[in-house]
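Chains as they are written, first to last, in this note's numbering: chain A, 34 to 344; chain B, 136 to 490.
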């Protein structure tokens, strides 16, 4: 895999005003890079800011502070309509709820072709039709489906339509916000397999946001763990699961139920108590070992290093 | 152990404009005292309908129990009147619903919602009921219980609300607790807490639990026995070890194969192709045959009966017939069976005792 940076997020902040004096710091200064062709997983509990991060990266929200660079260009900040259009073509999103994210009054053909029309990617009606048929086939549907409406499809099929719509403009980067959590187990595997296949064929880069940790581990090359608006740990997925360092990551990993009764009988769950953290100074993001970053204070950093050396 | 509940050849249909939907087609199982039975299956497989029928919560019309018996301590609930059912619901059989956001009344203080059952079923005076309510809230691990009884549902987080729902369900020490995807809407850490709580309470009160879920990880955590449902039928039933380490039905293979384990690095998950059948027009023969790569010719003509694998383990697949060809289960499942060979000696006696 090439180690070319596709996306750089630097100290991104997203604060929402919820009243005259109250501010919710949904995302509070996070930094990470996503390399070309990889899948970056973002996990955390609901309300930790993972979806907000995805939505801010694609400019659905304007960032409060910080920088998002896509292929070296700043995503936020003033842009002409033309630049914005160009940017939108390269970054697309797949949404969580396949029931809410498709317009019920549009045919599948029009839903998928919306991006093609906006960007003028088809010069004739024939070409437009052909492109949609091709896309439907890519995602495992067939062309008879093009003239139907979303309510005629099952959840898994709708998610395929959502994927076809994202692919229609040939993006290089796709943000998938919990794309499988609304689907049945057997269908989840179908969609994940499809996403993996498409990644290989089109050299796509994914930001995969989810709370299902076993699926995230399966699909991701690297994983960031979010807690209260901050990334507390970031590492290669195998490394993260083998040597979790931050107490929150440990508690999260120990809480995943695995489909293995013997393991479950002997499970020992650890709980995370934020008050046990060292509060003598503001924690910083530090590299404990190559490519394994943990949010910690100097004291904790020394501790993690020692702990790691003993492994 | 004695059976507290026996469901015999239950059939349930819904009358719709499109015609009769046979949602449940001949479901039989029993539930023993103090055990946890997990029912797994995709949405639409009939797992919720089955358990709602046990509490007689199926609206009629359109729903109809066309035949079958639900014997609760020997009494047939199918024939019970609404009045008799009202005495059973909440007292002997209570239900925890999936969505804690919608199963509480937003205009009532949570204390009053918990007290309802106590006052009605146990004829408790209000003051005593309130005291008991505070105890219940403490039991489910809600801090500051005595202040929180007077709060409204919107003042609680999702996990806390689900604890309140659990407290309501437990208020009258039910003999059977039906938990319909109680943790699906919750985060993993909160889910782990609720599951531990339910197991803990079960140990204390010796109630039986029917646990509906589609998360096999949760099943492995809570269940003593597992029933796998597909298209309105139980296709495989056995102890948790039988189902996870020695599955016989291709649908169970598919379910187990489509979940990644944390140490799996296989290139592709084993997905089940296609989608569940339309129950308005159920296919002839075995309903799973069109999605089953191991389907035999006979699957297209005749539905398989339940074959006995062992005293505790039954599966409805023609593959278990003596004339069936020998078929190797997929790699992922075979790996599990190897695990079974190692641990096969540890059986039901140790279940439920967890660290």
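Virtual Cβ for every residue (Gly too), placed ideally from N, Cα, C.
| Asked | Found |
| --- | --- |
| Determine the chain A residues that contact residue 355(B) at a beta-carbon separation under 8 angstroms, and present them in chain order. | 290, 291, 292, 293, 294, 296 and 297 |
| Whole angstroms is fine: what's the gap from residue 480(B)'s alpha carbon to residue 376(B)'s? | With a pLDDT of 42 at residue 480(B), under the threshold of 50, the predicted position of this residue should be treated as unreliable, though the coordinate-derived value follows. Approximately 11 angstroms between the Cα atoms of the pair. |
| Below 8 angstroms CB to CB, which residues in the same chain sit around residue 259(A) once its five sequence neighbours on both sides are set aside? | 63, 75, 76, 77, 81, 82, 83, 86 and 265 |
| Figure out for me which residue from 334(A), 322(A), 130(A) and 101(A) has the closest Cα to the Cα of residue 120(A). | 101(A) |
| Run down chain B in chain order and give the residues with a C-beta less than 8 angstroms from the C-beta of residue 248(A). | 395 |
| Given 8 angstroms as the limit, is there contact between the segment 363-375 of chain B and the segment 167-180 of chain B, that is, 3 or more CB pairs closer than that? | yes |
| With a cut-off of 8 angstroms, do at least 3 Cβ pairs link the segment 162-178 of chain B to the segment 348-367 of chain B? | yes |
| Output yes or no for whether 8 angstroms exceeds the beta carbon distance between residue 249(B) and residue 306(B). | yes |
| Among residues of its own chain, excluding the 5 on either side of residue 447(B), which ones have a beta-carbon nearer than 7 angstroms to its beta-carbon? | 373, 374 and 377 |
| Listed in chain order, which residues of the segment 48-79 of chain A have Cβ atoms closer than 8 angstroms to some Cβ of chain B? | 78 and 79 |
| Over what stretch of residues does the beta strand (DSSP E) that includes residue 256(B) continue unbroken? | Run containing residue 256(B): none in the beta strand (DSSP E); it sits in the alpha helix (DSSP H), 245-256. |
| Please go through the segment 124-202 of chain A and give each complete beta strand (DSSP E) segment of 3 or more residues, from N-terminal end onward. | 124-127 |
| So the candidates are 182(A), 242(A), 51(A) and 206(A); which of them puts its Cα closest to the Cα of residue 232(A)? | 206(A) |
| DSSP three-state label for residue 34(A), please. | In this predicted model, residue 34(A) has a pLDDT of only 47, less than 50, meaning its place in the structure is not dependable; the value taken from the coordinates is given anyway. Looking at residue 34(A) - three-state DSSP - the assignment turns out to be coil, as it is neither helix nor strand. |
| Given this structure, state the Cα-to-Cα distance separating residue 164(A) from residue 278(A), to the nearest angstrom. | 48 angstroms |
| Run through the DSSP bridge pairs and tell me what residue 68(A) is partnered with. | 38(A) |
| For residue 225(A), return the contacting residues in chain B, with the cut-off set at a CB-CB distance below 7 angstroms. | 404 |
| Is residue 50(A) buried or exposed, if buried means 16 or more other CB atoms sit within 10 Å of its CB? | exposed |
| Taking buried to mean at least 16 other C-beta atoms within 10 Å of its own C-beta, is residue 160(A) buried or exposed? | exposed |
| Is it buried or exposed, residue 152(B), if we count other Cβ atoms within 10 angstroms and call 16 or more buried? | exposed |
| Relative to the alpha-carbon of residue 463(B), which residue among 416(B), 403(B) and 381(B) has its alpha-carbon at the smallest distance? | 381(B) |
| Is any beta-carbon of chain A found at less than 8 angstroms from that of residue 207(B)? | no |
| Run through chain B and tell me which residues come within less than 9 angstroms of residue 239(A), C-beta to C-beta. | Correct list: empty, because the minimum Cβ distance to chain B is about 16 angstroms. |
| Check each candidate in 160(B), 385(B) and 138(B) and name the one with the smallest Cα separation from residue 468(B). | 385(B) |
| What is the DSSP secondary structure of residue 414(B), counted as helix, strand or coil? | coil |
| Report the residues of the segment 201-231 of chain A with a CB closer than 8 angstroms to any CB of chain B, ordered along the chain. | 217, 218, 219, 220, 221, 222, 223, 225, 226 and 229 |
| Which partner residues of residue 260(A) appear in the DSSP bridge assignment? | 263(A) |
| Rounded to the nearest angstrom, how far is the Cβ of residue 183(A) from that of residue 193(A), given a contact under 8 angstroms? | That pair is no contact at about 11 angstroms. |
| On the CB-based measure, 16 or more other CB atoms within 10 Å of its CB, does residue 312(B) come out buried or exposed? | buried |
| Give the DSSP bridge partners of residue 175(B), in chain order. | 348(B) and 363(B) |
| In angstroms, rounded to a whole number, what distance separates the CA positions of residue 129(A) and residue 392(B)? | 23 angstroms |
| Looking at the strands, I want to know which residues DSSP matches up with residue 148(B). | 157(B) and 199(B) |
| In angstroms with no decimal places, state the Cα-to-Cα distance between residue 265(B) and residue 230(B). | 21 angstroms |
| Given residue 166(B), which residues of its chain have a CB within under 6 angstroms of its CB, disregarding the five upstream and five downstream residues? | 139, 140, 172 and 343 |
| By the criterion of Cβ-Cβ separation under 9 angstroms, what are the contact partners of residue 448(B) in chain A? | Result: empty, since nearest Cβ-Cβ is about 14 angstroms, beyond 9 angstroms. |
| Please classify residue 127(A): is it buried, with 16 or more other beta-carbons within 10 angstroms of its beta-carbon, or exposed? | buried |
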